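Its first residue numbered 1, the sequence shown is counted upward by one per residue in the UniProt record's numbering.
Yeah, the Cβ is synthetic: ideal placement off N, Cα and C, and Gly gets one too.
Bear in mind the structure is a predicted one, so any value in this text is a computation, not a measurement.
Working notes, beginning with the structure itself.
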Amino acid sequence: MDRKAASPPPRAQTDESLVQELLRYVRFSEEDARLLRALRPLAAPHFERIATAFYDRIREHGDAHDVFTGEAQIKRLQGSMVRWMDRLCTGPHDEAYFKKTLEIGRIHVQIGLPQRYMFTAMALIRVALLRVADDTMGDDARACREALDRALDLELAVMLESYRDHFLARTQQRERLERAEVDLALRRTEHRYVSAVELARVLVVGLDREAKIRLFNREAERVTGLGREEVFGARFHEALLPEALHEEQAGLLQTLLDSHDGRASLDDVESAVRTRAGKIRDVRWHFAYAPGDDDDIVLFAVGRDTTDENALAVRLRQNEKLAAVGTLAAGLAHEIRNPLNGAQLHVTFLERGLRKSGADGEQLEAVHIVGEEIKRLGKLVSEFLDFARPKPLELRPTPVRAVCERAGKLAEARALQTGVTLTLELPTSELVLDLDTPKIQQVLLNLLQNAIEALEPTGGGTVTLRARRRPRDVVIEVEDDGPGLASPDAPIFDPFFSTKPEGTGLGLAIVHRIVTDHGGTIDVDSHPGRTIFRVSLPVRLGAHDAEGNAGKVLP
């Protein structure tokens, strides 16, 4: 490897002369600028739609979607895209304008978006804006199309130059690190362990006496989404662990590092790592102290990603509970239903007789209350039977938008009655899945009613029902800004657990069963001021997209 110092990366030229040179090169004229300004009021009403459609497309592609930290970041980026399209039309296309364009390329490198998506993104936006120009500019449409082409080509050229410069700077930084320290550390161990360490399906992280990372294998990169050049030299707990675990894990590591005992180790430490995208993965660690030089690796952390294993175990335990309680519920419901029906008939007969005999109001009220309580018990028995003997799913290609809109319509009256604002955030393109429509509608209506009831004591609030496409599934969320669950760890999906004084505790248990019967998952994220129930339904064989093309199960 060449040991000479790496030359600094070329800096993107942003001076006035280069800006003018680029403008002359593509023949971008004052007339072009005038046409874009004329297009702006006609195109502005479409900017939000174009940005929303663009990020809906992003959700369908794993490589692009995985670089984002979540929906909040995507919302911010949609706003930035709207402002960019507005700036594209209004100009002025001067040095300050292109400095802002340079920043876009730098941000793409920072978040890790592959360069190919810059070309495809510009193609999608170009088609949308050209279509608006054709529909609105009349006789000037052709000239406006040419002005748009020139302006967008300039944007892409400047973004790519900035992307290249910052990507080169990052690459050279990685090379400097490798020459200065990584090479030294790896040479001491690579000849004996590199194959085993790199090919192992476990995370292997080597730490020095200050708990700084000196070894980071391929599986650790895969699980965390972080490159070794990004974590090399950083402290283990600060680089990889969720903030809530920093203090505890830092103390544990320091105890091992201070032991100076070659036999010191710690097995089966249940912990977690934070990925590049901000997600949390469960990891079970084994820590082993290995005496060495002060600047060498002295502690190995070997971890296994147990996220999927833990999730499966939770689902199995839940299913076992449901099966056991279902058997009990079926037996009780069968024994109780017949006496209840008989009691209801006799109460009705008694009430009719009292009315004919002119009984006083207190007697009639007492009989009425008994009848209502019997009806309530009958409803509870029916819920028991629905829970204990679920019917097989009747799957049909179903538009997700239609199911959400129907559930929202059914919950609207209760929301208005309690002063709650109900909003829907649905994708621009249709999502079609194989669903048992009435059952999924029952799930959404149950979640919406729970959210509305949670807001009722506060005098109102906002409930949001949203649907989003992800690369391998469709996510439907019900969010409210109420007080949240009393305990985030409460077993709310367990049968007969309820936070309502008169609740049966079967509503969410039935919701859980319906979702899991569809091969999906349901979870909740709750704290004061924000509670989200999140239903994930897989894209599977037999589902159809908006054009009627058959889908398939995604791995």
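Check this for me: beta carbons of residue i and residue j, under 8 angstroms apart or not?
i: residue 241; j: residue 274; result: yes
i: residue 466; j: residue 477; result: yes
i: residue 128; j: residue 88; result: no
i: residue 474; j: residue 433; result: yes
i: residue 349; j: residue 447; result: no
i: residue 256; j: residue 245; result: no
i: residue 472; j: residue 539; result: yes
i: residue 574; j: residue 59; result: Look at the range of the chain in this structure, 1 to 555, and you will see that residue 574 is not part of it.
i: residue 236; j: residue 277; result: no
i: residue 490; j: residue 449; result: no
i: residue 480; j: residue 461; result: yes
i: residue 102; j: residue 158; result: yes
i: residue 73; j: residue 55; result: no
i: residue 418; j: residue 455; result: yes
i: residue 47; j: residue 85; result: yes
i: residue 524; j: residue 516; result: no
i: residue 351; j: residue 340; result: no
i: residue 51; j: residue 26; result: no
i: residue 367; j: residue 354; result: yes
i: residue 93; j: residue 33; result: yes
i: residue 514; j: residue 442; result: yes
i: residue 221; j: residue 200; result: no
i: residue 168; j: residue 122; result: no
i: residue 126; j: residue 90; result: no
i: residue 407; j: residue 374; result: no
Since residue i and residue j are thought to touch, with beta carbons under 8 angstroms apart, how far apart are those beta carbons, to the nearest angstrom?
i: residue 206; j: residue 297; result: 4 angstroms
i: residue 528; j: residue 484; result: 5 angstroms
i: residue 202; j: residue 281; result: Not quite, the Cβ-Cβ distance comes to about 13 angstroms (not below 8 angstroms), so this is no contact.
i: residue 204; j: residue 300; result: 7 angstroms
i: residue 35; j: residue 147; result: 5 angstroms
i: residue 272; j: residue 283; result: 6 angstroms
i: residue 422; j: residue 415; result: 4 angstroms
i: residue 512; j: residue 393; result: Their Cβ separation, rounded to whole angstroms, is 15 angstroms, which puts residue 512 and residue 393 out of contact at 8 angstroms.
i: residue 428; j: residue 53; result: 5 angstroms
i: residue 234; j: residue 213; result: 6 angstroms
i: residue 154; j: residue 28; result: 7 angstroms
i: residue 436; j: residue 395; result: 6 angstroms
Determine the extent of the alpha helix (DSSP H) in which residue i is found, giving its start and end residues.
i: residue 469; result: It is not in any alpha helix (DSSP H) - residue 469 instead sits in the beta strand (DSSP E) that spans 461 to 469.
i: residue 49; result: 30 to 58
i: residue 507; result: 507 to 517
Looking at the unbroken beta strand (DSSP E) that takes in residue i, where does it start and where does it end?
i: residue 525; result: 521 to 527
i: residue 276; result: Counting along the chain, residue 276 falls outside any beta strand (DSSP E), and DSSP gives it neither H nor E.
i: residue 303; result: 299 to 305
i: residue 69; result: Note, residue 69: premise wrong, no beta strand (DSSP E); not H, not E.
i: residue 537; result: 530 to 538
i: residue 396; result: 396 to 399
Beta carbon of residue i: closer than 7 angstroms to some heavy atom of the ligand SAH?
i: residue 457; result: Among the components of this structure there are no ligands whatsoever, and the ligand SAH is therefore not found.
When the cut-off is 8 angstroms and only beta carbons count, does residue i lie next to chain B?
i: residue 305; result: Annotation note: the requested chain B is absent from the structure, which comprises a single protein chain.
- prompt: Would the region 227 to 240 and the region 305 to 313 be scored as touching if the rule is three or more Cβ pairs under 8 angstroms?
  reply: no
task: Inspect the CB distances between the region 135 to 147 and the region 56 to 74 and report whether three or more fall short of 8 angstroms.
output: no
task: Indicate whether the contact test is met: 3 or more Cβ pairs, each with one atom in the region 367 to 386 and one in the region 395 to 406, closer than 8 angstroms.
output: no
- request: Please go through the UniProt domain "PAS" (189 to 260) and give each complete alpha helix (DSSP H) segment of 4 or more residues, from N-terminal end onward.
  value: 218 to 224, 228 to 231, 236 to 240 and 246 to 257
- prompt: Whole alpha helix (DSSP H) runs in the region 408 to 481 with 4 or more residues, listed along the chain?
  reply: 437 to 455
- prompt: Three or more C-beta pairs closer than 8 angstroms, one from the region 243 to 250 and one from the region 28 to 42: is that the case here?
  reply: no
Uninterrupted beta strand (DSSP E) stretches inside the region 341 to 379 (no shorter than 3 residues): none
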